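**Q** Supplied in structure tokens, the structure appears directly below.
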Amino acid sequence: MALKVKCPCCQATIVVDEATGEILSHEEFKRELKDLGAFLEEQKHRSSALDDKFKAAQEAQKRRQEILQKKFDLAKEKPDDGSAPRGILWD
38 MALKVKCPCC QATIVVDEAT GEILSHEEFK RELKDLGAFL EEQKHRSSAL DDKFKAAQEA
98 QKRRQEILQK KFDLAKEKPD DGSAPRGILW D
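Under my numbering, the first residue of the sequence shown carries the number 38, and numbering increases by one thereafter.
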């Protein structure tokens, strides 16, 4: 008796002997080849999607910098009484 196992990574089919555990055969997954026009069109859409993601990341970074600046300004306004925070023992 033989077992057919499909690889989750490459989608290949492996036939394994149930009694011995040896591989009897291996069939590679046949992928359809796309024509050049379809590939180029896909890359154009991918390029615009990557640009959109990059712009979103830039905006998030700007907002993060603004938040950090506000926190820094708030910390500067607080008077420092010179005591260490609780829980930290200084020698």
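Cβ atoms here follow ideal geometry from the backbone N, Cα and C, with glycine treated the same way.
Only a predicted model underlies this, so the values are computations on that prediction, with no experimental measurement involved.
Nearest by alpha-carbon distance to glutamate 59: which of Ala93, Glu103, Gly74 and Val42 is it?
**A** The shortest Cα separation from glutamate 59 among Ala93, Glu103, Gly74 and Val42 belongs to Val42.
**Q** Quick check for students: name the residue ranges of the beta strand (DSSP E) that lie wholly in the stretch 58-105, counting only runs of 3 or more.
**A** DSSP runs (the beta strand (DSSP E)) wholly in the stretch 58-105: 60-64.
**Q** What's the C-alpha gap between lysine 81 and glutamine 102?
**A** Looking at the two C-alpha atoms, the distance is approximately 32 angstroms.
**Q** If you draw a straight line from the C-alpha of lysine 107 to the C-alpha of lysine 115, how long is it?
**A** Cα to Cα, the separation comes out at about 13 angstroms.
**Q** Here's a check: name, in chain order, each residue in its chain whose Cβ is nearer than 6 angstroms to the Cβ of aspartate 89, leaving out the five neighbours to either side.
**A** Same-chain partners within the cutoff: there are none.
**Q** If you follow the beta strand (DSSP E) that alanine 49 is part of, which residue opens it and which one closes it?
**A** Per DSSP, alanine 49 belongs to no beta strand (DSSP E) and is neither H nor E.
**Q** Cα-Cα, which of Asp110, Arg100 and Leu40 is closest to histidine 63?
**A** Selected option, being the one with the closest Cα: Leu40.
**Q** By how many angstroms is the C-alpha of alanine 97 removed from the C-alpha of alanine 49?
**A** Answer to the nearest angstrom: the Cα atoms are 41 angstroms apart.
**Q** Using DSSP's beta-bridge definition, name the partner residues of lysine 115.
**A** According to DSSP, lysine 115 bridges with nothing at all.
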